[in-house]
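Using UniProt numbering, the first residue of the sequence shown is number 1, and each one after it goes up by one.
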Amino acid sequence: MRIDIITVVPGLLESPFAHSIMKRAQDKGLLEVHVHNLRDFTPYKHAQVDDYQFGGGAGMVMMPEPLALCIESFQQQRTYDEIIYMTPDGQRFEQKIANRLSMKGNLMIICGHYKGIDERIREHYITMEISIGDYVLSGGELAAAVVVDAVGRLLPGVLNDETSALFDSFQDDLLAPPVYTRPADFRGWKVPDELLSGDPKIVDAWRQDKALERTQQRRPDLLERHD
Ligand code: 6GU
Numbered sequence: 001m002r003i004d005i006i007t008v009v010p011g012l013l014e015s016p017f018a019h020s021i022m023k024r025a026q027d028k029g030l031l032e033v034h035v036h037n038l039r040d041f042t043p044y045k046h047a048q049v050d051d052y053q054f055g056g057g058a059g060m061v062m063m064p065e066p067l068a069l070c071i072e073s074f075q076q077q078r079t080y081d082e083i084i085y086m087t088p089d090g091q092r093f094e095q096k097i098a099n100r101l102s103m104k105g106n107l108m109i110i111c112g113h114y115k116g117i118d119e120r121i122r123e124h125y126i127t128m129e130i131s132i133g134d135y136v137l138s139g140g141e142l143a144a145a146v147v148v149d150a151v152g153r154l155l156p157g158v159l160n161d162e163t164s165a166l167f168d169s170f171q172d173d174l175l176a177p178p179v180y181t182r183p184a185d186f187r188g189w190k191v192p193d194e195l196l197s198g199d200p201k202i203v204d205a206w207r208q209d210k211a212l213e214r215t216q217q218r219r220p221d222l223l224e225r226h227d
């Protein structure tokens, strides 16, 4: 998978993909993340990319021309499965969307800043609008990093047995069960007997039970769609 990210603050995206699982995904050639500065595509003086909004009001709007030139220049090089705009008024990001995006080949992600981008770009170029939750960030960059991480780790070959996505929270609308490691007795606090039983049936039943219990307690809304 290849992901092109367009931003006016490329520095914000310098390190999130340089470590851990995202680094391994790129080292293995399973994921390519390219961060581009929108200012490199503007035809205006002083690398201008934003302007006052028509109708008045505080806050700048990202101008259509730099965005259109940037998007079109990338489209000349490859076909994009989705052109995603990160915006608090987009569709709420969740595991199902990450699963779906992980099956695509080329994604473009546009990070909004200031008051957002000119509506005509949304109408004519953007194919998908994503929000990562009901709060406002100062820009779409951190949200884009969240999407790239959630999607990147799902690409075939990125995770191994130890980091497998099979038992992730949300993967089947259940939260993950509690986990323990050595020692089996830490200051008198004991690991549940079931996990020490050595019987995979007993272990699985315990995990399923705890996943259900935890979901019931913390996220009963998830259980309505759990099968
Ligand atoms: Cl995608 N962008 C911004 N600026 N704020 C957000 C968001 C995105 N998702 C939640 N809050």
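Just so it is clear, CB atoms sit at the ideal spot from N, CA and C, and this is done for glycine as well.
- With respect to the 8 Å criterion, Tyr125 and Ile84 are not classified as neighbours on the basis of their beta carbons.
- For the 8 Å CB-CB criterion, Met62 and Gly116 form a contact.
- Taken through DSSP and simplified to helix, strand or coil, Glu72 comes out as helix.
- Taken in chain order, the unbroken stretches of beta strand (DSSP E) that lie wholly in the region 43-126 and span 3 residues or more are 50-52, 60-62, 82-92, 106-111.
- Inclusion of Arg120 and Pro64 in the CB contact set at 8 Å is warranted, their separation being smaller than that value.
- Taking a cut-off of 8 Å for Cβ pairs, the region 35-55 and the region 1-19 touch, as three or more such pairs fall below it.
- Pairing Phe17 with Val148 gives a Cβ-Cβ distance under 8 Å.
- Sequence-distant Cβ neighbours of Lys190 in its own chain, meaning closer than 8 Å and more than five residues away, are Ala184.
- In the structure shown, Phe170 adopts coil according to DSSP, grouped into three states.
- If you draw a straight line from the Cα of His226 to the Cα of Gln91, it comes to about 21 Å.
- With 16 or more other CB atoms across the displayed protein chains lying within 10 angstroms of its CB, Pro177 is buried.
- Contact between Arg24 and Val158 holds: their C-beta atoms lie close to 7 Å from each other, under 8 Å.
- For Leu137, the Cβ falls inside the 7 Å cut-off from some heavy atom of the ligand 6GU.
- Rounded to the nearest angstrom, the Cβ distance from Ile130 to Phe93 is 5 Å, consistent with a contact under 8 Å.
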